[in-house]
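Asker:
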Amino acid sequence: MEAILSDPAGAVIGLDFDGTLSPIVPDPAKAVIHPKAPGVLAELGAHVLSIAIVTGRPPATALELGPGLADVPNLVVLGHYGFERWEAGRVSAPPPPPGVPRAEAELPLLLDSLGLDGVTIEDKGRAVAVHTRRSPDPEGALAALREPLAKLAGAHGLVIEPGRMVLELRPPGMDKGQALSLFLAERNARSVMFAGDDLGDLAAFDAVRASGLPGVTVCSGSAEVTALRERADIVVDGPEGIVALLAELASAFSRS
Numbered sequence: 001m002e003a004i005l006s007d008p009a010g011a012v013i014g015l016d017f018d019g020t021l022s023p024i025v026p027d028p029a030k031a032v033i034h035p036k037a038p039g040v041l042a043e044l045g046a047h048v049l050s051i052a053i054v055t056g057r058p059p060a061t062a063l064e065l066g067p068g069l070a071d072v073p074n075l076v077v078l079g080h081y082g083f084e085r086w087e088a089g090r091v092s093a094p095p096p097p098p099g100v101p102r103a104e105a106e107l108p109l110l111l112d113s114l115g116l117d118g119v120t121i122e123d124k125g126r127a128v129a130v131h132t133r134r135s136p137d138p139e140g141a142l143a144a145l146r147e148p149l150a151k152l153a154g155a156h157g158l159v160i161e162p163g164r165m166v167l168e169l170r171p172p173g174m175d176k177g178q179a180l181s182l183f184l185a186e187r188n189a190r191s192v193m194f195a196g197d198d199l200g201d202l203a204a205f206d207a208v209r210a211s212g213l214p215g216v217t218v219c220s221g222s223a224e225v226t227a228l229r230e231r232a233d234i235v236v237d238g239p240e241g242i243v244a245l246l247a248e249l250a251s252a253f254s255r256s
């Protein structure tokens, strides 16, 4: 933290989206960024090397759910775990993997065969997510789905990304840790912070430590996932705590 405060122009601030910048809600399509986040990030972005939102969502979706983000200085959105990138109004990405739509086409029949109520499918373009949060027994539905979804993913050359009441089928070869590591090297970062809330963010925590840079990891705390809390340097209370921490940083930069 001292390195970030003393040399903000060399700092990359990495952030997850859902559960970190926006509260977790039953319907992912209705998630919305914390109302103070865009303003705080705009102030922060004027001082740091870069702000990188690293998310499993497509960049366009993160920007849609975060009005004002597109105007944040030095912002890059690494979506689909880094497969897709938004920067300065442009999105770049390789061709979408064919296994995702094939797996998605088989999901309704699979879910019907398991007799699970309240389980929903989210089309994420380069991935497909199966949510159990609205099921009468979210944990039980998640447990029942793990093995069948793993077999379905394997049959189509995909991998499973577990999360908070969700299992996501996505292409292999990239995760938040790899995306963050590549970005730090590209920008010649001199320090790094990463904040997340879910199991997929553990790889980014590992990347902070493996980077060799002065770094700090932050957990957006929840009762649903404790693994990050145990690994984080700083634990705050959800998106409200994340925004407060970022506001403190921005204020410190403005005073220096």
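Okay, so the sequence shown: first residue is 1 according to the UniProt record's numbering, each after it adds one.
Every residue, glycine too, gets a C-beta built ideally from N, C-alpha and C.
So, with DSSP's three-state summary, where would you put P136?
Answerer: DSSP places P136 in coil when its eight states are reduced to three.
Asker: Do the segment 43-51 and the segment 72-81 meet, that is, are 3 or more Cβ pairs less than 8 Å apart?
Answerer: Yes: the two stretches touch, three or more of their Cβ pairs being nearer than 8 Å.
Asker: Drop a sphere of 10 angstroms on the beta-carbon of S211, count the other beta-carbons inside from all chains shown, and report buried for 16 or more, exposed for fewer.
Answerer: Buried, by the Cβ-count rule.
Asker: Where does A207 sit, in a helix, a strand or coil, going by DSSP?
Answerer: Of the three classes helix, strand and coil, the one that applies to A207 here is helix, per DSSP.
Asker: Taking the alpha-carbon of P96 as reference, which of A105, H80 and P8 has the nearest alpha-carbon?
Answerer: Out of A105, H80 and P8, H80 has the C-alpha closest to the C-alpha of P96.
Asker: May I ask you to verify whether the segment 209-227 touches the segment 157-174, counting CB pairs closer than 8 Å and requiring at least 3?
Answerer: Touching, per the Cβ criterion.
Asker: Spatial neighbours of H34 within its chain, please: CB distance less than 8 Å, with the 5 preceding and 5 following residues excluded, ordered by chain position.
Answerer: The answer, listed in chain order, is L21, S22, P23, P239, E240, I242 and V243.
Asker: Give, in chain order, every unbroken run of the alpha helix (DSSP H) that is at least 4 residues long and sits entirely within the segment 226-252.
Answerer: Runs found: 227-231.
Asker: Sorted by chain position, which residues of the same chain lie with C-beta nearer than 6 Å to P234's C-beta, five sequence neighbours on each side aside?
Answerer: With the sequence shown as reference, residue 234 is identified as Ile, and Pro is not the correct amino acid for it. Cβ within range, chain order: V218.
Asker: Check whether the Cβ atoms of V128 and E106 lie closer than 8 Å to each other.
Answerer: Result no, Cβ atoms of V128 and E106 do not sit closer than 8 Å.
Asker: Within the continuous alpha helix (DSSP H) that includes S6, where are the two ends?
Answerer: Residues E2 to S6.
Asker: Excluding five sequence neighbours on each side, which residues of the same chain lie with their C-beta closer than 8 Å to the C-beta of D198?
Answerer: Correct list, in chain order: D16, D18, G19, G163, R164, V225 and L228.
Asker: Considering just the uninterrupted stretch of the alpha helix (DSSP H) at R102, what are its terminal residues?
Answerer: From DSSP, the alpha helix (DSSP H) with R102 extends over G99 to L114.
Asker: So which of T120, L63 and L41 has the shortest CA-CA distance to I13?
Answerer: Ranking the options by Cα distance to I13, first place goes to L41.
Asker: Could you spell out where the alpha helix (DSSP H) holding T55 opens and where it closes?
Answerer: Segment: none, T55 is in no alpha helix (DSSP H) and carries neither H nor E.
Asker: Out of I121, L184 and V236, which has the shortest C-alpha to C-alpha gap to G215?
Answerer: For the residues I121, L184 and V236, the minimum Cα distance to G215 belongs to L184.
Asker: Per DSSP, what kind of secondary structure is E161 in: helix, strand or coil?
Answerer: Looking at E161 - three-state DSSP - the assignment turns out to be strand.
Asker: Whole angstroms are fine: how far does the CA of K151 sit from the CA of A203?
Answerer: In a straight line, the C-alpha of A203 is about 23 Å away from that of K151.
Asker: From the DSSP output, in three-state form, read off F194 for me.
Answerer: Residue state, collapsed to three classes: strand.
Asker: Helix, strand or coil for S22, going by three-state DSSP, please let me know.
Answerer: Three-state DSSP puts S22 in a strand.
Asker: Tell whether a beta-carbon distance below 8 Å holds between L158 and R170.
Answerer: Taking 8 Å as the Cβ cut-off, L158 and R170 qualify as a contacting pair.
Asker: How should A155 be labelled, buried or exposed, when 16 other C-beta atoms within 10 angstroms of its C-beta is the threshold for buried?
Answerer: Exposed.
Asker: In terms of residue numbering, what span does the beta strand (DSSP E) encompassing T85 cover?
Answerer: Correcting the residue identity first, residue 85 is Arg in this sequence and not Thr. R85 -> beta strand (DSSP E) spans E84 to E87.
Asker: Go ahead and pull the three-state DSSP assignment for S254.
Answerer: Looking at S254 - three-state DSSP - the assignment turns out to be helix.
Asker: Given this structure, state the Cα-to-Cα distance separating G200 from K176, to the nearest angstrom.
Answerer: When rounded, the distance between both Cα atoms is 7 Å.
Asker: Once the 5 residues before and after M1 are set aside, which same chain residues still bring their CB inside 7 Å of it?
Answerer: Correct list, in chain order: V216.
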